[in-house]
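Notes for the one structure printed next.
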Amino acid sequence: MKKFLLGTNWKMNKTLAEATKYTDELITVIEKHAQLEIFIIPSYTHLWKIKELIDTKKSALKLGAQNMHYEDAGQFTGEISPVMLKEIGLDIIELGHCERRQYFNETDETVNLKTLAALKHGFIPLICIGEKAEDKSYNVSKEMLAKQLKIALTNVSRDAIGKFWIAYEPVWAIGVNGIPAETPYVKEIHDFLRSVLVDLYGTAGKDVPLLFGGSVNINNASDYAQLENVDGLFIGRSAWEPDLFDEIMVAVGKVVK
Ligand code: PEP
1 MKKFLLGTNW
11 KMNKTLAEAT
21 KYTDELITVI
31 EKHAQLEIFI
41 IPSYTHLWKI
51 KELIDTKKSA
61 LKLGAQNMHY
71 EDAGQFTGEI
81 SPVMLKEIGL
91 DIIELGHCER
101 RQYFNETDET
111 VNLKTLAALK
121 HGFIPLICIG
131 EKAEDKSYNV
141 SKEMLAKQLK
151 IALTNVSRDA
161 IGKFWIAYEP
171 VWAIGVNGIP
181 AETPYVKEIH
191 DFLRSVLVDL
201 YGTAGKDVPL
211 LFGGSVNINN
221 ASDYAQLENV
231 DGLFIGRSAW
241 EPDLFDEIMV
251 AVGKVVK
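See the structure below:
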């Protein structure tokens with residue numbers, strides 16, 4: 001059964017104690033939602049402990065990191081390598097989040113190098129793309145998104161289909177100042193992204209999971225989840241408490257097949 005993807009990036013939030021408590025509660029919550037693939041993306045420092053918890057409880061909860069360097073080792077002070085993350089046994093590496101692009105000089109080219117490295121090491125790269133408000137105002141959203149997507153997937157072969165996920169997150173919709181996207185707009189863009197993937201990979205492009213993110217909350221999650229080319233939702237603030245995340249799981253669970 002192809003599960004609907006539902007996950008949360010915690011950004012730079014939660015102490016280890018808070019992270020452990022959250023994960024413990026979430027592990028119980030997700031048992032009720034077998035049709036959903038749930039994942040969490042905490043800070044690096046919490047990953048070992050959380051992975052131990054997941055394994056001890058034999059939970060299906062998937063775990064990811066928020067970034068990664070593309071080299072296995074080297075003179076890159078402050079960076080974390082794929083080899084180090086592999087030791088933990090992670091499932092997912094989030095790449096190219098707009099905050100990394102905005103504050104840490106992440107580019108389409110580095111996202112591509114990291115995507116290739118993540119695939120080489122057996123992780124699922126969760127590649128984030130999104131247009132800025134300015135792009136939308138000039139009506140060049142699709143051009144910007146196609147560029148981000150095509151550069152991120154350069155040299156990613158058809159064999160990798162199903163092993164990477166794409167998250168479309170309009171920059172103007174993300175975070176405390178974000179404006180939730182209208183459902184028809186999300187539909188238009190996801191249909192467009194699907195067409196780009198089909199151009200790149202033929203019919204296999206239909207099997208690339210496409211997630212939507214940006215101010216997803218209890219009021220809009222099920223509307224987005226019903227769209228044909230939305231295979232998952234990527235959530236920030238509204239999933240940072242297990243009971244609120246559970247409410248979204250219940251709402252989404254009612255509409256996905
Ligand atoms: C995000 O930062 O990727 C995100 C989706 O955040 P929020 O849901 O809080 O807008």
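If you read the sequence shown in the numbering used here, its first letter stands for residue 1, the second for the next number, and so on. Where is the CB? At the ideal position from N, CA and C, for every residue including glycine.
Pairwise C-alpha distance: residue j and residue i
i: A204; j: I151; result: 18 Å
i: V196; j: M144; result: 12 Å
i: A73; j: K163; result: 24 Å
Cβ neighbours of residue i in the same chain (closer than 8 Å, five flanking residues each side left out)
i: L113; result: Y70
i: L47; result: L63, A65, L85, I88, L90
i: Y44; result: A65, Q66, I80
Cβ neighbour criterion (16 or more within 10 Å) applied to residue i
i: D231; result: buried
i: Y22; result: buried
i: P170; result: buried
i: G236; result: buried
Residue i (DSSP reduced to helix, strand or coil)
i: A167; result: strand
i: F245; result: helix
i: F212; result: strand
i: K150; result: helix
i: G64; result: strand
i: P125; result: strand
Extent of the continuous alpha helix (DSSP H) to which residue i belongs
i: N112; result: 108-120
i: I92; result: Per DSSP, I92 belongs to no alpha helix (DSSP H); it is in the beta strand (DSSP E), 92-95.
i: I54; result: 47-56
i: F192; result: 183-201
i: I88; result: 82-88
Endpoints, beta strand (DSSP E) assigned at residue i
i: F4; result: 4-9
i: L36; result: 36-41
i: I30; result: No beta strand (DSSP E) holds I30; the alpha helix (DSSP H) holding it covers 16-30.
Short CB-CB distance (under 8 Å) between residue i and chain D
i: C98; result: As a matter of chain content, chain D is missing from the structure shown, which is built from one protein chain.
Beta-carbon contacts of residue i that lie in its chain and below 7 Å, excluding the five residues immediately before and after
i: R100; result: N67, E106
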